Amino acid sequence: KQWYQRRVAITAGALKHVKFHKIYSSDSGRVKETLRHTGIRSDKTCIDERLRERNWGPYTGIPWREYKRLGYSIEEHPPGVETNEEMKQRWLNFFEENILREACNPTENTILIVTHGGMVRIIAKYFANFTTSTHVNINHASISNNCISVFELEIQEKVIVNCDIHQVYDCKHLQNITKI
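First residue of the sequence shown? That's 343 in the numbering used here, and the numbers climb one at a time after it.
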């Protein structure tokens, strides 16, 4: 617990210079606790169940290494587990109803999304479709808790026309922290 709180505090420090106009968070207790521990605040905070982690169905609570031992991976899931496509659709519904709808206000466009690793992967893959950057590497194995991803969207008439990906799954701010 102490190790986790140190990671959250360091991540909050890495973001302290950013003024967020709106914060979106998963309704998961763990994610809401992470947001609370960062101390990052906004007058506009929205808790949304569509930012939850994958629905693991009958595999909920099974450690990842056990899931992999059963022969499954990030890309291949057994029946009863939410697929990547279902997660992407959940993300798109959230994105269109919240972020695209509010994109008409260019002065309040810095948002923070606090969510789970699985959803971060879905978001990064989706935004990568709109980038012209050649240096982008969305390596699924490199994601970790408290990582930071920064996407700068150019939106015209509620359509993404470009996405500059500044950081993906960045944990440099956590380099010197060790597990207690």
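We put the beta carbon where it would ideally sit given N, CA and C, even for glycine. Model, not experiment: these values are computed from the prediction.
(Q) Quick check for students: name the residue ranges of the beta strand (DSSP E) that lie wholly in the segment 460-510, counting only runs of 3 or more. (A) Qualifying beta strand (DSSP E) stretches, in chain order: 490-498.
(Q) Let me confirm a value: Gly413 is counted as buried when at least 16 other C-beta atoms fall within 10 Å, else exposed. Which label applies? (A) Residue burial annotation: Gly413 is exposed, with fewer than 16 other C-beta atoms found within 10 angstroms of its C-beta.
Q: Could you pull out every residue in the same chain whose Cβ sits closer than 6 Å to the Cβ of Lys306, ignoring the five residues on either side in sequence?
A: With the chain covering 343 to 522 only, the question about residue 306 has no answer from this structure.
Q.
Looking at Ser367: is its Cβ nearer than 7 Å to the Cβ of Val510?
A. Taking 7 Å as the cut-off, the Cβ atoms of Ser367 and Val510 do not count as close.
Q. From Ile502 to Ala470, what distance separates their C-alpha atoms?
A. Roughly 11 Å between the two C-alpha positions.
Q. Just checking, does the segment 348-361 make contact with the segment 379-390 on the three C-beta pairs under 8 Å criterion?
A. Pairwise C-beta distances place the segment 348-361 in contact with the segment 379-390, as three or more of them are shorter than 8 Å.
(Q) Let me check understanding here. Comparing Cα to Cα, which of Glu438, Asp390, Arg443 and Ile464 lies closest to Glu424? (A) Ranking the options by Cα distance to Glu424, first place goes to Ile464.
Q | Where Tyr366 sits in the DSSP three-state scheme | A | Correct three-state label for Tyr366: strand.
Q: Report yes if the C-beta distance between Ile519 and Arg348 is below 7 Å; otherwise report no.
A: Going by C-beta atoms, Ile519 is nearer than 7 Å to Arg348.
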